[in-house]
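Note sheet for the following structure.
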Amino acid sequence: MCGIIGYIGKEHPKEILLEGLKNLEYRGYDSSGMAFKKGKEIQIVKCVGKIAFLEEKLQNEKLIDCNIGIAHTRWATHGEPSEKNAHPHQVGKITLVHNGIIENAAPLKKELEKEGVKFQSSTDTEVMAALINKYYKKDMIGAINKAIKEVKGSYALAILNEDEDKIYAVRCQSPLIIGVEKNGYYVTSDIGAILSHTNQYVLLGENEVVELTKDGYSITKNNKPITRKVETSTLSTEDSSLHGYEHYMLKEIMEEPILVDNFIKKYINNLDALPDLKKYHDIHIVGCGSAYYAGMIGKYLFEEDGLRVDIDVASEYRYRNIIYNDKTLVILISQSGETADTIAAMRKAIEHKVDTLAIVNVDGSTIARDCTYKVLIEAGREIAVATTKAFIQQVLVLSLLSYKINKDDTYLEDLIHLPQQLKVLLDKSGYYKKLADAIYKQEDVFFIGRKVDYAISMEGSLKLKEVSYIHSDSYQAGELKHGTISLVNEGTIVFGIITDDEIKDKTISNLEEVISRGAVPIYVGIDDYGYENQILVPRVNKKLQPILVVPTLQMIAYYVAYKRGCDIDKPRNLAKSVTVE
Ligand code: G6P
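By this note's numbering, the letter at position 539 of the sequence shown is numbered 1810, and the numbering carries on one by one without gaps.
Right under this line is the structure:
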């Protein structure tokens, strides 16, 4: 959460930082700020709300003429979104921006207050600035090293010191990279922030301190020099343009057919490039949010292939007493590869010396780097906070892994036609809009399904609530009558997801139960039952069916949010990459 960019070089940093923040805004957008440095002078400009407000404020400020700056966009953890809590924070000679959480900020703050520090904000970040300032005499790297020894938690920091024309940076459990270009150097939490300037970057290890000047950079850990190679990002700036769409969410849904097609072409004759799950006795699937629901689809597929599968959200898995054996594989699913809880789950598996498989979008991310195996989902850059195309690609990977375990006849034939069928479904936007008209004034919406259809329901429900703010829940179709059915009354919308032949009659009965209590059904499935509201998707191999169903629910969520005038790409309170616990 939160985004960092810093620049030191030949140019004035304002435009570079502003563009960077706009690209980072998906990570948090409740407030933002910048610091510019020339000689001893440090000018700070902060603002509550979107980056557009900061941009406006900057236009009315007389900025110092300089070539060093750091900037931040925030998703509040400690202290409400306000100008005083926005970053950068300044204590004495130190000005810094921070991603992550300092978990022992409260006791440290008490100590520092006793020593005479007067804090201006309610943030944990200001404590970090005060600590570095306390230890700084002449040696900045020494001061940073002392400060980080005292803190617990996660941090990525870009730091200015009044006395030097430099940017310092350090990270622990929160991503931060160095960008390298002929006109200057960057520090950022996400390569996307600097892609229009450079695709050359250097990864920073935990607690490595980097010192950037306008002519170069050096990295040390515990004061010993570290050499790291310069890497080249394969992402392109193209990925961040809207291509005429009003929102990234819609643009990204519309990219699904081509991404699915590209992925199929890459792997259809190259299944050996994917890991073989047959050799494991236990599969654990772990993720957060939508990644977890993609995993849930995987669980149902792998179970039908005869594997034993456990699945949990990462924030629970990391604290559970898990029994591993030497044939356990832990699959970590994550678009960003940087979700704090998923990283912790991965570390737990690594500590227990079992194999780990990363299913991630961002190459070079922590999860992509540290797992035994990785499969990149190749969804390109996803900007809308609510994931769509990355989800579909995650499911596609799981589906191919399932096919590799248990090669059934119709799969390959259906796989080839899948992108075209998906495109045809997405082209029915008029129909999704019509359904959205029926939904957008509702207070509660329910989704029901069994087995894999239940997993699909979970994702459909999450998508709807996160972008439209309509309360929505998903239930196993057979479970509804054990309580929740009391919420169903005249006009309640209930989605029935029904794609599994084995249990379709059961779910239809459950749908009829709610209809007889006044519910308005929206049926999504493969057989035509003649419901007034129904989305029919082509019948394909079971392992591929979710790839045709979920996008229709994404479209409905989009149009409902649109009708309600929501901030679709940046729903309130959310962030795309959740790098705090
Ligand atoms: C956030 C996003 C979700 C995403 C989840 C996991 O909550 O808003 O869309 O599913 O994080 O993110 P990851 O990057 O690990 O897939």
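Note that CB positions come from ideal geometry on N, CA and C, so glycine has one too. As the structure is a prediction and not an experimental result, all values here were calculated from the model.
In terms of alpha-carbon separation, which member of Ser-1586, Asp-1395 and His-1623 lies closest to Asp-1597? For this step, residue 1597 is matched to residue 326 along the sequence shown. Looking at the Cα atoms, His-1623 is the closest of the given residues.
Cβ neighbour criterion (16 or more within 10 Å) applied to Asp-1840: Locating residue 1840 in the sequence shown gives position 569, counting from the first residue. Buried is the call here.
Candidates Ala-1585, Ile-1602, Ile-1687 and Tyr-1519: which alpha carbon is nearest Ile-1539's? Counting from one through the sequence shown, the residue named residue 1539 turns up at place 268. The candidate whose alpha carbon is nearest that of Ile-1539 is Ile-1687.
Give me, in chain order, the residues of the same chain whose beta-carbon lies closer than 7 Å to that of Glu-1435; leave out the 5 immediate sequence neighbours on both sides. By one-based count along the sequence shown, residue 1435 stands at place 164. So the list reads Met-1411, once near-sequence residues are dropped.
Those runs of the beta strand (DSSP E) which lie wholly inside the segment 1540-1625 and span at least 3 residues: 1553-1558, 1579-1584 and 1599-1605
Give me the Cα-Cα distance between Ser-1728 and Ile-1768, rounded to the nearest whole angstrom. Translated into positions along the sequence shown, residue 1728 becomes position 457. Translated into positions along the sequence shown, residue 1768 becomes position 497. Each residue's Cα considered, the two are about 7 Å apart.
Those residues which DSSP pairs with Gln-1314 across a bridge: Position 43 of the sequence shown, counted from the start, is the residue given in the question as residue 1314. Phe-1307, per the DSSP bridge assignment.
Figure out for me which residue from Ala-1464, Ile-1449 and Asp-1301 has the closest Cα to the Cα of Val-1480. In the sequence shown, residue 1480 corresponds to position 209, counting from 1. Among Ala-1464, Ile-1449 and Asp-1301, the Cα nearest to that of Val-1480 is on Ile-1449.
Short of 6 Å in beta carbon distance, which residues of its chain neighbour Gln-1805, apart from the five on each side in sequence? Order them along the chain. By 1-based counting over the sequence shown, the position of residue 1805 is 534. Tyr-1794.
If I measure Cβ to Cβ from Pro-1528 and keep anything under 6 Å in the same chain, skipping five residues before and after, which residues do I get? Working through the sequence shown from its first residue, we reach residue 1528 at position 257. The answer, listed in chain order, is Pro-1690, Leu-1693 and Lys-1694.
Would you mind reading off the limits of the alpha helix (DSSP H) that contains His-1468? The sequence position of residue 1468 within the sequence shown is 197, counting from 1. Taken as a continuous stretch (DSSP letters only), His-1468 belongs to no alpha helix (DSSP H), as it is neither H nor E.
With DSSP as the reference, label Asn-1432 as helix, strand or coil. For the purposes of this step, residue 1432 is taken as the residue at position 161 of the sequence shown. Asn-1432: strand per DSSP, three-state reduction.
Since Gln-1713 is in the alpha helix (DSSP H), which residue starts that stretch and which ends it? Here residue 1713 refers to the residue found at position 442 when the sequence shown is read from its first residue. First-last for Gln-1713: undefined, no H or E at that position.
Write down the C-beta distance between Val-1368 and His-1343 rounded to the nearest angstrom, noting that I regard them as a contact closer than 8 Å. As a working note, residue 1368 is residue 97 in the sequence shown. As a working note, residue 1343 is residue 72 in the sequence shown. Contact flag correct, Cβ pair sits at about 4 Å.
Is Gly-1560 near ligand 1, with its Cβ less than 6 Å from a heavy atom? Within the sequence shown, residue 1560 is the residue found at index 289, counting from 1. Checking the Cβ of Gly-1560 against ligand 1 gives yes.
Through-space distance from Lys-1408 to Ala-1657, alpha-carbon basis: As a first step, residue 1657 is located in the sequence shown; it is residue number 386 there, counting from the start. As a first step, residue 1408 is located in the sequence shown; it is residue number 137 there, counting from the start. Those two C-alpha atoms are separated by around 46 Å.
At a cut-off of 6 Å, is Leu-1706 close to ligand 1 when judged by its beta-carbon and the heavy atoms of the ligand? Taking the first residue of the sequence shown as 1, we reach residue 1706 at position 435. Checking every heavy atom of ligand 1 against the Cβ of Leu-1706, none is found closer than 6 Å.
For the alpha helix (DSSP H) containing Tyr-1516, name the first residue and the last one. Mapped onto the sequence shown, residue 1516 falls at position 245. Looking at the DSSP string, Tyr-1516 is not in any alpha helix (DSSP H), and its letter there is neither H nor E.
C-alpha gap between Asp-1543 and Arg-1591, whole angstroms: As a position in the sequence shown, residue 1543 is number 272, starting the count at 1. As a position in the sequence shown, residue 1591 is number 320, starting the count at 1. When rounded, the distance between both Cα atoms is 33 Å.
Boundaries of the beta strand (DSSP E) in which Pro-1792 is found, first to last residue: As a first step, residue 1792 must be located in the sequence shown, where it is residue number 521. Start and end: 1791-1796.
Ile-1604 and Ala-1655 closer than 7 Å at C-beta: Walking along the sequence shown from the start, residue 1604 turns up at place 333. Walking along the sequence shown from the start, residue 1655 turns up at place 384. Cβ atoms of Ile-1604 and Ala-1655: not closer than 7 Å.
Please report the Cβ distance between Thr-1681 and Asn-1812, rounded to the nearest whole angstrom; I am assuming they are in contact, meaning their Cβ atoms lie under 8 Å. By 1-based counting over the sequence shown, the position of residue 1681 is 410. By 1-based counting over the sequence shown, the position of residue 1812 is 541. Right, their Cβ atoms sit about 5 Å apart.
Suppose you measure from the CA of Asp-1626 to the CA of Thr-1659; what does that come to, to the nearest Å? Start at 1 with the first residue of the sequence shown, and residue 1626 comes out as number 355. Start at 1 with the first residue of the sequence shown, and residue 1659 comes out as number 388. The alpha-carbon atoms of Asp-1626 and Thr-1659 are separated by roughly 28 Å.
Would you mind sorting Asp-1486 into buried or exposed? The rule is 16 or more other CB atoms within 10 Å of its CB. Within the sequence shown, residue 1486 is the residue found at index 215, counting from 1. Exposed, since its Cβ has fewer than 16 Cβ neighbours within 10 Å.
Buried/exposed call for Tyr-1644, threshold 16 Cβ in 10 Å: For the purposes of this step, residue 1644 is taken as residue 373 along the sequence shown, with counting starting at 1. With fewer than 16 Cβ atoms within 10 Å of its Cβ, Tyr-1644 is classed as exposed.
Can you tell me the Cα-Cα spacing of Val-1666 and Val-1765, whole angstroms? Residue mapping note: residue 1666 aligns to position 395 of the sequence shown, counting from 1. Residue mapping note: residue 1765 aligns to position 494 of the sequence shown, counting from 1. Whole-angstrom Cα-Cα distance: 24 Å.
Does DSSP classify His-1349 as helix, strand or coil? For the purposes of this step, residue 1349 is identified with residue 78 of the sequence shown, where counting begins at 1. Of the three classes helix, strand and coil, the one that applies to His-1349 here is coil, per DSSP.
Express the C-alpha separation of Val-1723 and Arg-1345 in angstroms, rounding to a whole number. As a first step, residue 1345 is located in the sequence shown; it is residue number 74 there, counting from the start. As a first step, residue 1723 is located in the sequence shown; it is residue number 452 there, counting from the start. Whole-angstrom Cα-Cα distance: 37 Å.
DSSP state of Ser-1745, grouped into three classes? Taking the sequence shown and counting its residues from 1, one reaches residue 1745 at position 474. Ser-1745: strand per DSSP, three-state reduction.
Under DSSP, the beta strand (DSSP E) around Pro-1496 begins and ends at which residues? As a working mapping, residue 1496 is identified with position 225 in the sequence shown. From DSSP, the beta strand (DSSP E) with Pro-1496 extends over 1495-1497.
Compute every distance between the C-beta of Ser-1607 and the non-hydrogen atoms of ligand 1, then say whether any falls below 6 Å. The residue labelled residue 1607 in the question sits at position 336 within the sequence shown. Indeed, a heavy atom of ligand 1 lies less than 6 Å from the Cβ.
I'd like the list of long-range same chain contacts for Gly-1555, defined as Cβ closer than 8 Å, with 5 residues on each side in sequence excluded. Walking along the sequence shown from the start, residue 1555 turns up at place 284. Reading off the sequence, residue 1555 comes out as His, not Gly. Cβ within range, chain order: Val-1580, Asp-1581, Ile-1582, Asp-1583, Tyr-1588, Ile-1593, Thr-1599, Leu-1600, Val-1601, Ile-1602 and Ala-1620.
Per DSSP, what kind of secondary structure is Arg-1298 in: helix, strand or coil? For the purposes of this step, residue 1298 is taken as the residue at position 27 of the sequence shown. Note: Arg-1298 maps to helix in three-state DSSP.
Could you check where the alpha helix (DSSP H) with Tyr-1406 kicks off and where it finishes? Reading the sequence shown from its first residue, position 135 is the one you call residue 1406. Looking at the DSSP string, the run of the alpha helix (DSSP H) that includes Tyr-1406 is 1396-1406.
Using only alpha-carbon positions, find the residue among Glu-1517, Gly-1310 and Asn-1470 that is nearest to Ile-1438. Numbered from its first residue, the sequence shown carries residue 1438 at position 167. It is Gly-1310 whose Cα lies nearest to the Cα of Ile-1438.
Taking three-plus beta-carbon pairs below 8 Å as touching, is the segment 1823-1837 in contact with the segment 1695-1710? yes
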